[in-house]
Amino acid sequence: MKKLLLIIFLCLSLNANINQAVIGLIGSSDFNTHRNLISSIFKNQSYFYTNGSLDYAKISQTLQNNNLLKLNLGSTQSIEATFIFTSSPKKSFKNINDILKTIGVQNFVTLEQSVVDNQLKWSIKVQTAAAINPLRLSQELQSTNCRIIDIKKEGNNKWSYYIDSKKSSIYKAEDLVTKASVSLKKPIRPYILEIANSDSLKIDSNIGNSWYPTIIFYDDSFNVIDVFESETLHKNLRVDIPTNTRFVKVDDFYALTNIKNGLIITKE
């Protein structure tokens, strides 16, 4: 009897958590309007959890598949979004800026930015005809080992996103952790590499480049450790990696067009 009561309690608890997540995504009015449909499509509660936590990508995908995720605002309007990251404020700020651009959120204005107890809070205002897509946002955050732990819809045009970032990496960083070498194509922004188990980097400039290197070394929290810059043309370069380096930015001293044909980077 006790086991049965525990199972019932857990099921009710899971369902309540999913309902709150859905309300955060679509608002209480639409939730009440479509309560029966929502109850049906989310009946397999365990599917919407990953490693014991709500999976906002799965929840958003299900809402979208059932035409319940309404993002179109009908006209260009001003919306506010607040992002609260649990840790790594420098990495988090870089990641969320790059992710927003990837998912089409641009020309935003910062309303507030603060760091308290290593937690980043960043609020923006943007003129747009559509709300931020929580599915795209969840998916891109997951690619940086971050996950949304809560979304709150606070009125028609205001949302808050709470994000677990304690295991975060850098968005779209090139992999020199599991790989020994990477061949990089024409950059649209400076290259970022995540590295491990290496004392130095050998960088070969492809034919047609005129490369004047700027290389910045960061620790795991994205604090700058060291900078190498040169106003001299290089075709090949070997640089030592400072202790505690986790990320490396590779840029050109003058303009990215100088490395338009890409680079080959090998760890040694």
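Note that numbering that gives the first Met the number 0 numbers the sequence shown so that position 75 is 74, with each residue one more than the last.
Where a beta carbon is used, it is the ideal one built from N, C-alpha and C, also for glycine.
Endpoints, the alpha helix (DSSP H) within which residue i is located
i	result
Ala56	Tyr55 to Asn64
Glu153	Where Glu153 is concerned, there is no enclosing alpha helix (DSSP H), given that its DSSP letter is neither H nor E.
Val21	Lys1 to Ile25
Pro212	From DSSP, Pro212 is part of no alpha helix (DSSP H) but of the beta strand (DSSP E) over Pro212 to Tyr217.
Gln141	Pro133 to Gln141
Leu99	Pro88 to Thr101
Three-state secondary structure (DSSP) of residue i
i	result
Glu267	coil
Ile240	coil
Thr173	Note on residue identity: the sequence assigns Glu, not Thr, to residue 173. Of the three classes helix, strand and coil, the one that applies to Glu173 here is strand, per DSSP.
Arg34	helix
Asp250	strand
Lys201	strand
Backbone CA spacing between residue i and residue j [nearest angstrom]
i	j	result
Lys266	Leu67	48 Å
Phe221	Lys89	6 Å
Phe252	Glu228	7 Å
Ile78	Glu111	14 Å
Asn205	Asp54	43 Å
Ala80	Gln126	11 Å
Lys185	Ile150	37 Å
Gly73	Asn18	26 Å
Asn43	Ile83	29 Å
Leu183	Tyr160	33 Å
Ile148	Ile95	15 Å
Ile215	Asp29	49 Å
Ala129	Thr109	18 Å
Residue i at chain B interface by Cβ criterion, 9 Å
i	result
Asp203	No chain B appears in this structure, which consists of one protein chain only.
Contact belief for residue i with residue j at Cβ below 8 Å, rounded distance in angstroms
i	j	result
Thr213	Asp239	Between Asp239 and Thr213 the Cβ distance is about 16 Å, and since that is not below 8 Å, they are no contact.
Gln76	Asn156	6 Å
Leu192	Ile264	7 Å
Leu134	Ile162	With a Cβ gap of about 15 Å, Leu134 and Ile162 do not count as contacting.
Outcome for residue i when other beta-carbon atoms lying within 10 angstroms are tallied against a minimum of 16
i	result
Arg245	buried
Arg146	buried
Lys234	exposed
Ile258	buried
Gly103	exposed
Tyr170	buried
Beta strand (DSSP E) segment containing residue i, residue limits
i	result
Asp225	Val223 to Glu228
Ile78	Asn71 to Phe84
Ser180	Ser180 to Leu183
Thr127	Gln118 to Ala129
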